[in-house]
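Undergrad: Positions in the sequence shown are counted from 1; adding 17 to them yields this note's numbering. Ideal Cβ positions, reconstructed from N, Cα and C, are used throughout, including at glycine. Remember, it's a predicted structure, so these values are computed and weren't measured experimentally.
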Amino acid sequence: MLKRIIGPIGYGKTYTMESMIAQDLQKCKRVFYIVPEQHTVTAERSVLSLTGEPTRFLEIINFSRLPNLVFRELGGLSVQYIDKVGKRLLLASVLEEIKEHLHLYQNASLKPDFIEMLQTLNDEFLTKQVTPKTLLTIGDNSPSVVFSDKLKDLAMILATYSHKLESEFSDTTGDLYRLAETLKVNSFFEQTCIYLDGFYSYTAPEYALIRELLNQAEKVVMTFELPKDEIPDESSPFFTLYRTMDTVTELARKADVPVEDVTPAFSMEVHPSLRFITENLSTGQIYDKDGSAIHLFASIDRYAEVKEVARRIVSLVQEGARYRDIRVFMRNPADYQGILEPVFNMYQIPCSFQTQRSPLSHPLSHFLFSSLDMIFHTPALYAFQNLIKSGYTGIDAVSSFEIESYAMTWRISGSAYFSPFTMHPRGYFDIFEERDAAFLERVNSTRAQLMDPIEACKIAIKGKTVKETAIAVWQYIEDTGLFDLLMEEAESYKQQGNYTLAGELLTLWNAWIAALDQMVLVLGEAVIQDRFIEYLRLALSGITFCKLPSSLDEVEVGEIGFIRSEHPDHLFLLGVNEGIFPAISVQGGIFTPKERITLSEAGLDMEQGEFQDGDEWFKLYCALSAPKKTITLSYVTIDSSHNKLGDGVAYPSVFVDRICSAFPFLVTEQPNPDESIPLVPAEVMSLYRHPALSPESKQRIADEIIASKQEAYIHELSLFSALSTINDASCHIVDTSRFRDGIALTQARYDAYTKCPYSYYAKYLLGASEERKSDFGFTDVGNYLHRILEVFMTSLPASGKSFEAWTKEEIKKKLHTMADDYLNSLHIGDRMSARFKHLLTRLEKSLFLLITQLQEEFSVGQFVPVKFEMEIKDEQPPYTIQLEDGTEVRFFGKIDRVDLFTDQNGEAFIRIADYKSSVKTFSMHDIYYGFNIQLLVYLFAIWEKGFHFEDQTLPIVPAGVMYIPATREAVFTDHALSREEEMKESKKKDQRDGLFLKDETILKAMEPSLAGKFIPVTLKPSGELDGKKLATAAAFGKLKKHIEHTIKQIAGEIKAGNMEANPNISAFACDYCPYIPMCKNTEQKGRYFKRIGKEEDILKQLEQEGESWLVLN
């Protein structure tokens, strides 16, 4: 007999069925209670509450386990058991095997999305009992060549797949068919009672089994979630359920099994308004009574929405509710990832997020796939970085950072990973300091720990089968100690009370082992090394897992389609927005909607797009029918991720309209975010960075953190606000306590702040370092030139003869030897490119020209180079300035060269020289605005503190500062030049520039002829000095005051914490700034400094009395 228990959700169908089960058990009848797998625990608990004790006559089971139970008694268990992962692999291997015979799908074998669609289509064909032969027949009669080819391809694929599956393996689907066939000759279920509950539809093999159960069992009892006395049409939410009931009833009729309808004996107690909406979802009737059980609110964004839900949950619990009596559901759980759990944690709401996730997104998978990428392919830098950042290497954070930065500096790839590293850790440096050698030793130790197991596995897999390769991969996993690391991490989670994450790690581990097992089962003897990783990724893409509940009393959170059979007291339904719930009807898959219509017209029962709309309404029906006391719906008003127009505006869905029309009294609440209970700022950073938040919500989070007065969180907020947007007020949150002992400035720090305060903040306060590349760029060229010049000039005294006595050949030979020594010291070996060699040759020639020029200059001038690479720190005291509040500002630096001249009166004059790898102009406009002041600062430091030279401190007079180009730039013109013209233009580019003391005696000590060869100063025919950048001693004094004033201003801004993105646009500060991705100043808004006149006009102002010039614009 077939007994049908029919009724809407909440009308006691399950209770009625379980009461019948209890009665059968009392009569010692054997009972099989078949439920979906996720309902097994619930069913056991509820039946036990009726029977009072366990019984051997009851078997609570699901369809996948039922064949195993029967075959254990009757025989027929299979060893070659394939699961859904193995089926994906088998389907992919079939596609690969027959691809040459396919028309449309030759290259689809390892595309997870296509394999998923193919599996779904195959399941649909099995349910509808569509055979490959039927597809071929329809294809042969189709006028469309493409459609015909598609059907023929699918017929061949599915026929080959079915044959291999049936002949070589056993699976759940096949087991159900085999069980149905076995029952035709075995009466296993005679005199038994079969109960089926919790199913909305059945597959073809399940229908085949149900047919045999109807033939054998004493009775088969089934529940159907259908309204009373309603025969729905295809657009109804209940059409699928009705069709399921009709199919089962037809099976009973064909088997001459009587059918009896049973009225549920119990109706769940729910609020009348909830009962009304479930019974009248599609009738359009209006409810005019107490509707206090239904609530609706709108929030500005998802953060505000979730926060309001958390506030209401806290209120419910304070009023006596239990967390386990509350459910929170949404249509798209991914929209709330990274928001819901942190907010609930901050409100101390225990929750279990029941969403399906893939192992591919976990760091464990990143580690293993990065390892396999380096094992099966030529090691690449990106794969090495992914390996390092996975967190499962067993290497501490400092060592990981060191080896990653080293690999990035030298762009290491290929076999270089399998040999000890020898290159300088800081790039193209010729001197290995003790710290560099120690760094390299640590990096090589880390390299061996990472790469030795990879190299061993790489050797072991050559030419091996899938089975042998899987064994080698397993050996690699053991060599890395991965399992022990996972167990340590899981134990750590357990000690923290987080059993959910501990269980998740074990689930991930089992998923990887299962994937490897299925690869060996399906592809064991194949040799597919070039595609091993792709097959493994395909296998894992078919595995999903959910978080296990970590507490008996917690809020269940998840997708609306996975509502469990229990009925909570309170339910929250989030994101009821247009385009989200109901989801937009899109008929995806292998067949287009038009092709599905064609197949239906050919006699196949293919689902159309309207079924998805009905399913969405059925999901709403299930949600509205679930709670006993209250249901709360919510939607957001801003959501750019699902907005077609791109304006960020979001609208409530048709479901909201339907409910509002049924309950005219229902008012959409607009919660005030400020009324929420205060947050505990434990996990606020993950929220602050979430892309779904509106600026208003981000500002509220910042305000709450600042109001908490917890310095650690305020500092963390300032860091992350720097990574979000320049408009955040929290961007100015700077820990100024670091300046308590004074402010230390260098040329680089000062220049960074004057170019853009934010770049100073990012680099020197946050510590964000620019990615280093060993491309021998401008910085490396400068280091090379400075190093060779320093070594050459300081080695002159040891040569035993004066600089002027060196011949050009000796200079050239000396330079060549030094360049070779420099190259050898780099230890870069075969990494030396042709471009690099050519560049060094050019630089060697430029150095030769510069040194011979210096030789000529010093042979005629009276200024003598006495210091090279002199530090304004140890050798010479730093330049110090006092701020008004007493804070001391110290300016440190390094001077390329210090030249000294002592006149006949014994007075010492100092000139500062700075070598530049390209032409550098000394601009008084820059000095006026406070830019490029370092040479003058160095000069004034010596002027103020005295020159520390040969164990004495000499009072000095500033003679000037100058830039010296160390390389010769190419000459570009729009017409051909003669040799003389080219030399003339080249000399212009070699021109030095700077600011010099307006004193003919001193200037002639630099260049006796004053012909403009060594300094940009000449004599007019009248005998007057001709130079645009000459300043008197008094002007130097005023300039010193101006620079002190400038430094005070800049240091004051730094101490005040002004770190906003306000770049110097006139200096192109944003063009090569590495922090653009952080500040997001894409429009490059900032300061622009106009020119204020000619250079000589600025200098004339210095000659005038008064100090009006000291005021900065």
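#1: Would you check if the region 191-198 and the region 150-161 touch, i.e. whether three or more CB-CB distances between them fall below 8 Å?
#2: My guess is that tyrosine 1136 and glutamate 1070 are in contact by the Cβ rule of under 8 Å, so how many angstroms apart are they, rounded?
#3: Going residue by residue through the region 262-290, where are the continuous beta strand (DSSP E) segments of at least 3 residues, counting only ones entirely within it?
#4: Quick check: the region 218-238 against the region 198-208, are there 3 or more CB pairs under 8 Å?
#5: Skipping 5 residues on each side, what residues in its chain have a beta carbon closer than 6 Å to that of asparagine 949?
#6: Taking all protein chains shown into account, decide if methionine 18 is buried (16 or more other Cβ within 10 angstroms of its Cβ) or exposed.
#7: Please return the same chain residues whose Cβ sits closer than 7 Å to the Cβ of glycine 215, not counting the five positions on each side in sequence.
#8: Between valine 574 and valine 276, how many whole angstroms is the CB-CB distance? I'm expecting something under 8 Å.
#9: Using the Cβ count rule (16 or more neighbours within 10 Å means buried), how would you classify proline 688?
#10: Can you tell me which of the three DSSP states glutamine 513 falls into?
#11: Which parts of the region 193-261 are runs of the beta strand (DSSP E), unbroken and 3 residues or longer, counting only runs that do not cross its ends?
#12: Along the beta strand (DSSP E) that carries valine 978, what are the first and last residues, could you check?
#13: Please work out which residues of its chain come closer than 8 Å, Cβ to Cβ, to isoleucine 115, disregarding the five sequence neighbours upstream and downstream, and give them in chain order.
#14: Can you tell which of Trp823, Lys645 and Asn922 has its C-alpha closest to the C-alpha of glutamate 873?
#15: Going by DSSP, what residue range makes up the beta strand (DSSP E) through serine 184?
#16: Starting from the N-terminal side, write out each stretch of the beta strand (DSSP E) that is 3 residues or longer and does not extend beyond the region 299-355.
#17: When burial is assigned at 16 or more other CB atoms within 10 Å of the CB, is glutamine 371 buried or exposed?
#18: State the Cα-Cα distance for the pair glutamate 595 and isoleucine 1093, rounded to the nearest angstrom.
#19: For a test of the three-state rule: what should DSSP assign to arginine 808, helix, strand or coil?
#20: Does the region 305-315 come within contact of the region 551-566, defined as at least 3 CB pairs closer than 8 Å?
#21: Taking the alpha-carbon positions, what's the aspartate 496 to glutamate 542 distance?
#22: Apart from the five residues just before and just after threonine 970, which ones in its own chain have a Cβ nearer than 6 Å to its Cβ?
#23: Buried or exposed, going by whether 16 or more other CB atoms sit within 10 Å of the CB of asparagine 527?
#24: So what's tyrosine 50 in DSSP terms, helix, strand or just coil?
#25: If I measure Cβ to Cβ from serine 407 and keep anything under 7 Å in the same chain, skipping five residues before and after, which residues do I get?
#26: Give me the Cβ distance between aspartate 342 and proline 149, rounded to the nearest whole Å; I'm assuming they're in contact under 8 Å.
#27: Rounded to whole angstroms, what's the CA-CA distance from aspartate 913 to alanine 930? Just pull it up for me.
#28: Expressed to the nearest angstrom, what Euclidean distance is found between the alpha-carbon atoms of lysine 46 and isoleucine 38?
#29: For phenylalanine 680 and leucine 291, I'd like the C-alpha separation in whole angstroms.
#30: Under the three-state reduction of DSSP, which class applies to arginine 21: helix, strand or coil?
#31: Secondary structure at glutamine 899, three-state DSSP: helix, strand or coil?
#32: DSSP has methionine 887 in a bridge; who is on the other side?
#33: Starting from arginine 1104, trace the alpha helix (DSSP H) in both directions and tell me its first and last residue.
#34: Using the Cα positions of leucine 588 and leucine 637, report the straight-line distance between them to the nearest angstrom.
#35: Whether or not the region 317-328 and the region 352-364 are in contact is what I'm after, with contact meaning three or more pairs of Cβ atoms, one per stretch, closer than 8 Å; do they touch?
#36: By the three-class DSSP mapping on this structure, what secondary structure does phenylalanine 1053 have?
TA: With the structure as the only source:
#1: no
#2: A query on residue 1136 cannot be resolved here, the shown segment of the chain reaching from 18 to 1130 and no further.
#3: 276-279
#4: yes
#5: If you number the sequence shown from 1, residue 949 lands on position 932. Once the five neighbours on either side are set aside, the close Cβ partners of asparagine 949 are Asp943.
#6: By one-based count along the sequence shown, residue 18 stands at place 1. Classification for methionine 18: exposed.
#7: One-based indexing of the sequence shown puts residue 215 at position 198. Once the five neighbours on either side are set aside, the close Cβ partners of glycine 215 are Val52, Pro53, His56 and Ser582.
#8: If you number the sequence shown from 1, residue 574 lands on position 557. If you number the sequence shown from 1, residue 276 lands on position 259. So it is not a contact: roughly 40 Å between Cβ atoms.
#9: Within the sequence shown, numbered from 1, the residue matching residue 688 stands at position 671. Buried, since its Cβ has 16 or more Cβ neighbours within 10 Å.
#10: Looking up residue 513 in the sequence shown gives position 496. Three-state result, glutamine 513: coil.
#11: 209-213 and 236-242
#12: In the sequence shown, the residue the question calls residue 978 occupies position 961. Segment 973-982, the beta strand (DSSP E) holding valine 978.
#13: Within the sequence shown, the letter at position 98 stands for residue 115. Excluding residues within five positions, the ones whose Cβ falls inside 8 Å are Met173, Ile174 and Thr177.
#14: To locate residue 873, count along the sequence shown from 1; it is residue 856. Cα-wise, what sits closest to glutamate 873 is Trp823.
#15: Within the sequence shown, numbered from 1, the residue matching residue 184 stands at position 167. From DSSP, serine 184 is part of no beta strand (DSSP E) but of the alpha helix (DSSP H) over 162-185.
#16: 311-316 and 343-347
#17: For this step, residue 371 is matched to residue 354 along the sequence shown. Label assigned to glutamine 371: buried.
#18: By 1-based counting over the sequence shown, the position of residue 595 is 578. By 1-based counting over the sequence shown, the position of residue 1093 is 1076. Roughly 36 Å separates the two Cα atoms.
#19: The residue labelled residue 808 in the question sits at position 791 within the sequence shown. For the record, residue 808 in the displayed sequence is valine; it is not arginine. Reduced to three states, the DSSP call for valine 808 is helix.
#20: no
#21: The count along the sequence shown starts at 1 and reaches residue 496 at position 479. The count along the sequence shown starts at 1 and reaches residue 542 at position 525. Each residue's alpha carbon lies about 25 Å from the other.
#22: Numbered from 1 along the sequence shown, position 953 holds the residue referred to as residue 970. Hits under 6 Å: Gly963.
#23: For the purposes of this step, residue 527 is taken as the residue at position 510 of the sequence shown. So asparagine 527 ends up on the exposed side.
#24: Indexing the sequence shown from 1 puts residue 50 at position 33. Strand.
#25: The count along the sequence shown starts at 1 and reaches residue 407 at position 390. Around serine 407: Pro380, His383, Phe384 and Ser387.
#26: In the sequence shown, the residue the question calls residue 342 occupies position 325. In the sequence shown, the residue the question calls residue 149 occupies position 132. Going by Cβ atoms, the distance from aspartate 342 to proline 149 rounds to 51 Å, so no, they are not a contact pair.
#27: Walking along the sequence shown from the start, residue 913 turns up at place 896. Walking along the sequence shown from the start, residue 930 turns up at place 913. Near 6 Å, if we compare the C-alpha coordinates of alanine 930 and aspartate 913.
#28: Numbered from its first residue, the sequence shown carries residue 46 at position 29. Numbered from its first residue, the sequence shown carries residue 38 at position 21. In a straight line, the C-alpha of lysine 46 is about 9 Å away from that of isoleucine 38.
#29: Against the sequence shown, residue 680 aligns to sequence position 663. Against the sequence shown, residue 291 aligns to sequence position 274. Rounded to the nearest angstrom, the two C-alpha atoms are 11 Å apart.
#30: Here residue 21 refers to the residue found at position 4 when the sequence shown is read from its first residue. Strand, per DSSP.
#31: Within the sequence shown, residue 899 is the residue found at index 882, counting from 1. DSSP places glutamine 899 in strand when its eight states are reduced to three.
#32: Residue 887 sits at position 870 when you count from the first residue of the sequence shown. Beta-bridge pairing links methionine 887 to Ile912.
#33: Position 1087 of the sequence shown holds residue 1104. Element bounds for arginine 1104: n/a, residue is neither H nor E.
#34: As a working note, residue 588 is residue 571 in the sequence shown. As a working note, residue 637 is residue 620 in the sequence shown. Leucine 588 and leucine 637: Cα-Cα distance of roughly 12 Å.
#35: yes
#36: In the sequence shown, the residue the question calls residue 1053 occupies position 1036. Of the three classes helix, strand and coil, the one that applies to phenylalanine 1053 here is helix, per DSSP.
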